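Working notes, structure below.
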Amino acid sequence: MRAADKSRDAHRMDYRYLPMSDRTRTLVLMRHAKSDYPDGVGDHERPLAPRGVREAELAGDWIREHLGQIDAVLCSTATRTRQTLDRTGIAAPAQFSGRIYEATPGIVIEEINGITDDVTALLVVGHEPVMSSLALGLADEDSANGLVAEKVSAKYPTSAIAVLRTAVPWGQLGLGGAELVDFHVPR
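For the sequence shown, this note's numbering begins at 76 and goes up steadily by one.
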């Protein structure tokens, strides 16, 4: 790890050790890793590029180190999102939804609303511009105007991860219903 990376990450909190009520839920919104553009391959079937494979592995390492266990995954059916999930090494039960591919934030919220309340940490692997719009849309008033939101607004590159926390059940999560607490780009 480079010195600049260490100093940038030194301020990061380990969310496993923050005080949490039994009702607090963590939502992790991840954009798929860098994809390749092979000739003759449609958008839905595009695979990961070699850089994307490395970044997805780094993303999985970061999630495990900073967030702990993921209980469930919602993932687009696109090849690059499925490969991203596979390369993270996250072994939580996954639901693959064609609705997340070319979705709107509202459609992804509907998918999240279908998650059972026994899930306390949910990973969503999807696409831009939906992941950034979703992170900002779900952010409550205080966090929507903070430094993390500024980073999300500026750029949501491949493999980027936004972390939100909420006390409401998944079935009731809506716009403004979560705190945007972190944004990380694994490189």
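Cβ atoms here follow ideal geometry from the backbone N, Cα and C, with glycine treated the same way.
In this text the structure is predicted, and so the values were computed from the model without any measurement.
To the nearest angstrom, how far is it from the Cα of residue i to the Cα of residue j?
i	j	result
E120	D257	30 angstroms
I236	V103	7 angstroms
R157	C150	7 angstroms
Y176	T152	7 angstroms
L209	D114	31 angstroms
E23	G117	A question about residue 23 goes unanswered here, because the residues of the chain that appear run from 76 up to 262.
E140	Y112	31 angstroms
T163	E216	31 angstroms
L248	I187	8 angstroms
P261	D161	16 angstroms
V223	P232	14 angstroms
L133	I184	26 angstroms
I182	P125	30 angstroms
R129	A169	21 angstroms
T241	L123	32 angstroms
R106	G201	5 angstroms
For residue i, list the residues DSSP reports as bridge partners.
i	result
S110	L123
V256	Answer is none; V256 lacks a bridge partner.
L102	L197, L239
A147	L197
Could you round the C-beta distance between residue i and residue j to whole angstroms and report it? I think they count as a contact, below 8 angstroms.
i	j	result
G251	V243	That belief does not hold up - the Cβ atoms of G251 and V243 are roughly 11 angstroms apart, past 8 angstroms.
L198	A167	7 angstroms
I190	I165	So it is not a contact: roughly 16 angstroms between Cβ atoms.
What are the boundary residues of the alpha helix (DSSP H) that residue i is part of?
i	result
Q158	154-163
L222	222-229
V205	205-213
P180	180-188
Please report the residue range of the beta strand (DSSP E) in which residue i lies.
i	result
S172	169-172
S218	It is not in any beta strand (DSSP E) - S218 instead sits in the alpha helix (DSSP H) that spans 216-219.
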